[in-house]
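Reading through the structure tokens given below for one structure.
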Amino acid sequence: MEHPVAGDVLFLDVDLFPDEAGIDFSTEPMKQRKEYHTVGRWCALHGDSILQAGMHHLEAQFDFAALKRDLSVQGIETMTKFTDFPELQQAFTTGEQWNVDPARLTRALQTRAIDAATFEHIRTQGHAIGSHLENLERNSGYKGFNKSGVDAILRAVDPQRAAIQQEIATTLSKNS
239 MEHPVAGDVL FLDVDLFPDE AGIDFSTEPM KQRKEYHTVG RWCALHGDSI LQAGMHHLEA
299 QFDFAALKRD LSVQGIETMT KFTDFPELQQ AFTTGEQWNV DPARLTRALQ TRAIDAATFE
359 HIRTQGHAIG SHLENLERNS GYKGFNKSGV DAILRAVDPQ RAAIQQEIAT TLSKNS
């Protein structure tokens, strides 16, 4: 959504299923589903991004290389770019780890937003992947987005996937 005067843009990430691709959400609300992907899992763990948890990620336009360098000096890592075109570069910072309310965690398991292994990992650690900063550089007046890149980064930061990767890393470091 772009504000016509200010030019500010909101990208609203949702778990969109194939049967919903043709719906005009400005006039028809999304249906509640019992299937979860990245956004649904994140909201199940942390709360609604507008009224409860806060933002999943903040995207702003920067000089891509300069921000990556400046963040690195501060100890903040940048993930692999999910878009690397001359007119568009995008990458998330490594996600902050946020505490998860035990009642919310239990409810996420009960509603099948997460599986038992993810539940146990988050219960033991006490936290799950939270918010990111998105480093975005647009060139040549480009206003579009890279759907396949967005799909890839949302899969990469899925709370269930992140928990499994953290568990594997912990196990490997113990066995080294």
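In this text, residue positions in the sequence shown follow my numbering: the first is 239, and each later residue adds one.
Even glycine gets a Cβ: it sits at the ideal position worked out from N, Cα and C.
This one's a predicted model, so the numbers in the text were calculated from it and none came from an experiment.
Cross-strand partners of His365 (DSSP beta bridge) = Asn337
What does Asn373 pair with, by DSSP beta-bridge criteria?
-> Ala298 and Ala329
By how many angstroms is the C-alpha of Gln312 removed from the C-alpha of Lys272?
-> 40 Å
Distance between beta carbons of Leu283 and Leu343, contact taken as under 8 Å = 7 Å
Under a Cβ-count criterion, where at least 16 other Cβ atoms within 10 Å of its own Cβ denotes burial, should Ile360 be classed as buried or exposed?
-> buried
By Cβ distance, which residues of its chain are closer than 6 Å to Val277, with the 5 residues on each side in sequence left out?
-> Asp251, Val252 and Asp253
When you compare each of Leu289, Gln270, Trp280 and Thr316 to Glu372 by their alpha carbons, which one comes out closest?
-> Thr316
Counting only the same chain and skipping the five closest in sequence on each side, list residues whose C-beta sits under 6 Å from that of His370.
-> His295, Phe330, Thr331 and Gly333
Length of the line joining the Cα atoms of Ala401 and Leu374 = 26 Å
Under three-state DSSP, which class holds Phe263?
-> coil
For Thr316, the first and last residue of its enclosing beta strand (DSSP E) | From DSSP, Thr316 is part of no beta strand (DSSP E); its letter is neither H nor E.
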